[in-house]
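In our numbering, the protein residues as written are 64 to 216.
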């Protein structure tokens, strides 16, 4: 697996097409690293808030497993829901980060302008929807998993 990762991540052709979606990405330490590395990220993304940091930290501590004990599945913020929620808000974050780095970045405006109007409009609509979801995640990292599970807090 690592050989494949190295091949893909080491290939410059994939640089703007590759997004890692790992549970640890929005833990406190990783956020601080990202702030130093990508100082131009919006405050919206560089400060995800304590709820997301807590959920990401909990998810990153879950062992790789094929099953959970009954106790681990109790409550709406159980281990499985935490992993799912973390995957949801991390993917949302990563897509927004991608927009900021490569689509709405001044250095790549010619790339964005090369798209036809319909594609630009669709990208802008996707970005707006992602921002809306991100703001919901910042308030409650479990909102989507709860909605999908048809449960309440």
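Yeah, the Cβ is synthetic: ideal placement off N, Cα and C, and Gly gets one too.
As the structure is a prediction and not an experimental result, all values here were calculated from the model.
What distance in whole Å lies between the Cβ atoms of residue j and residue i, which are believed to be in contact at a cut-off of 8 Å?
i	j	result
residue 81	residue 159	The pair is not a contact, with the Cβ atoms about 16 Å apart (cut-off 8 Å).
residue 94	residue 111	7 Å
Where residue i and residue j are concerned, what is the direct C-alpha to C-alpha distance, given to the nearest angstrom?
i	j	result
residue 209	residue 200	12 Å
residue 207	residue 155	11 Å
residue 171	residue 138	45 Å
residue 127	residue 121	13 Å
residue 216	residue 136	Residue confidence for residue 216 is low, a pLDDT of 47 falling below 50, so the modelled location carries little weight; the figure read from the coordinates is stated next. Near 15 Å, if we compare the C-alpha coordinates of residue 136 and residue 216.
residue 66	residue 149	26 Å
residue 133	residue 167	45 Å
residue 73	residue 211	37 Å
residue 184	residue 205	29 Å
residue 98	residue 195	22 Å
residue 118	residue 105	21 Å
residue 213	residue 182	33 Å
residue 165	residue 84	17 Å
residue 140	residue 203	11 Å
residue 70	residue 79	15 Å
Alpha helix (DSSP H) containing residue i: first to last residue?
i	result
residue 206	206–212
Unbroken alpha helix (DSSP H) runs of length 4 or more, entirely within the segment 161–194: which are they? 172–177
Give a yes or no on contact between the segment 174–185 and the segment 136–154, applying the rule of three or more CB pairs nearer than 8 Å. no
Quick check on the DSSP output: what are the complete alpha helix (DSSP H) runs of length 4 or more inside the segment 91–133, in order along the chain? 91–100, 106–109, 113–123
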